[in-house]
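See below for the structure under consideration.
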Amino acid sequence: MYLRCTMGLSNTLLVMALLLSGAASMKSQAYFNETGELPCHFTNSQNISLDELVVFWQDQNKLVLYELFRGKENPQNVHPKYKGRTSFDKDNWTLKLHNIQIKDKGSYQCFVHYKGPKGLVPMYHMSSDLSVLANFSQPEIMVTSNRTENSGIINLTCSSVQGYPEPKEMYFKLKTENSTTKYDTAMKKSQNNVTELYSVSISLSFSVPEASNVSITCVLQLESMELHSLPYNIDAHTKPPPARDPILWIAAVLIMLVILCGMVLVPFLTLRKRKKKQPGPSHECETNKVERKESEQNKKRVQYHVPERSDEAQCVNISETTSGDKSTTHF
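In mature numbering (1 follows the signal peptide of the UniProt record, and there is no 0), the protein residues as written are -30 to -1, 1 to 301.
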């Protein structure tokens, strides 16, 4: 009985030694929407067949990512959020996690058990910490609306989007022929509720030095690197380009519309007035009829008037002749 206890204690100590030897944590990185690797550095010096092993990975919340049970995949124990997203590389004992999201960052454990006649015997355990990165866009400098343009003051905004983790710092760097000045401003940040990616921006108003060429750069300071914008250059012999004021653009468009409407409406109204002044065809016909009727009446009057005068003349001649005859008879 004492021998059995001794053997049981030795086996327990051996298992603990194996677990402690493989308990070292390893750090790994992966990029957003790409593939990350979760290693399991099991050497398998005894050349144990996979048919005798049970291998699985789980996250910090004890959710199973992948399980290989005696050489065959066992998807029944895999959590739904990891189904279809993993693949096991048997050559280097590494689990690949596809379509990495920001929420996948954290700690993962790999377990190797020997499936013996008396059940599972732990053989190896390893932890790895996964960090997720997303590349920020190149910072971009833009000139914002400027109402103090005549005083030589220029307003700039710099922005960068869709990155992770949160950047440490963002600033403007103004360089002249004689000096370089760093302008620290408050960094505005926003985080997407779904992707958890960050977008950041800064703003600056400063007086442009006279008689000096100026080069302005925006710098985004990340944990391990810096991102620089393209330089925004101001020539000493030229003023800063005026900002596009949307109010002025709207006013200009409205003025153009009024001018176009005037160019279209004025000829139309003029043509319409001319048409109103000109008589229509029906009016001309009626006028012609009236004129023809009056001319016919005048002709009739002339015809009737001439005979009347000749009759009177005849009557007069007849009467004169008659009276002459009478006088002749009387004598």
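Heads up, the beta-carbon is just placed ideally off N, CA and C, and yes, glycines get one too.
All of these numbers come straight from a predicted model, not from anything done at the bench.
| Query | Result |
| --- | --- |
| For His198, count neighbouring Cβ atoms within 10 angstroms of its own Cβ and tell me buried if that reaches 16, exposed if not. | exposed |
| Rounded to a whole number of angstroms, what is the C-alpha to C-alpha distance between Met157 and Ser57? | 41 Å |
| Where does the unbroken beta strand (DSSP E) through Ile186 begin, and where does it stop? | 184 to 191 |
| Just list the residues that DSSP pairs Ala104 with in beta bridges. | Tyr134 |
| For Asp59, report the span of its beta strand (DSSP E) as first-last. | 56 to 59 |
| When you compare each of Asn14, Gln161, Tyr78 to Ala104 by their alpha carbons, which one comes out closest? | Gln161 |
| Would you mind working out which of Gly6, Glu37, Asn183, Gly232 sits nearest Asp21, comparing C-alpha positions? | Glu37 |
| Could you check whether the segment 119 to 133 touches the segment 32 to 50, counting it as contact only if at least three pairs of C-beta atoms, one from each stretch, sit closer than 8 Å? | no |
| Could you check what DSSP says for Leu218 in three-state terms: helix, strand or coil? | helix |
| Using CA atoms only, rank isn't needed, just tell me which of Asp154, Ile18, Lys53, Tyr1 is closest to Gln28. | Lys53 |
| With a 10 Å radius around its C-beta and 16 neighbouring C-beta atoms as the bar for buried, classify Cys188 as buried or exposed. | buried |
| Drop a sphere of 10 angstroms on the beta-carbon of residue 306, count the other beta-carbons inside from all chains shown, and report buried for 16 or more, exposed for fewer. | Nothing can be reported for residue 306: it is not among the residues displayed for the chain, which extend from -30 to 301. |
| Looking at C-alpha atoms only, which residue of Glu166, Leu241, Leu192 is the closest neighbour of Gln108? | Leu192 |
| Comparing alpha-carbon positions, which option in Lys152, Ser98, Asn148 lies nearest Tyr141? | Lys152 |
| Name the residue from Lys(-4), Asn183, Thr5 whose alpha carbon lies nearest to the alpha carbon of Thr146. | Asn183 |
| Cys80 lies in the beta strand (DSSP E); which residues open and close that run? | 76 to 86 |
| If contact is defined by three or more beta carbon pairs under 8 Å, each pair taking one atom from either stretch, is the segment 171 to 179 in contact with the segment 9 to 21? | no |
| Would you mind stating whether Leu200 and Phe106 have Cβ atoms separated by less than 8 Å? | no |
| Quick check: Val34 and Leu90, are their CB atoms within less than 8 Å of each other? | no |
| In the DSSP output, what is Leu200 paired with across the bridge? | According to DSSP, which records beta bridges pairwise, Leu200 is partnered with nothing at all. |
| Alpha carbon to alpha carbon, how far is Glu196 from Thr165? Give it in angstroms, no decimals. | 23 Å |
| Could you give the DSSP three-state label for Asp29: helix, strand or coil? | strand |
| Could you tell me the distance, in whole angstroms, from the CA atom of Ser194 to the CA atom of Ile225? | 54 Å |
| Mind reading off the beta-carbon distance from Ile111 to Tyr168? Whole number of angstroms is fine, and I expect it under 8 Å. | Wrong, their Cβ atoms sit about 19 Å apart, outside the cutoff. |
| Could you spell out the range, first to last residue, of the beta strand (DSSP E) harbouring Asp154? | 150 to 154 |
| What number of angstroms, rounded off, separates the C-alpha of Met(-5) from the C-alpha of His68? | 19 Å |
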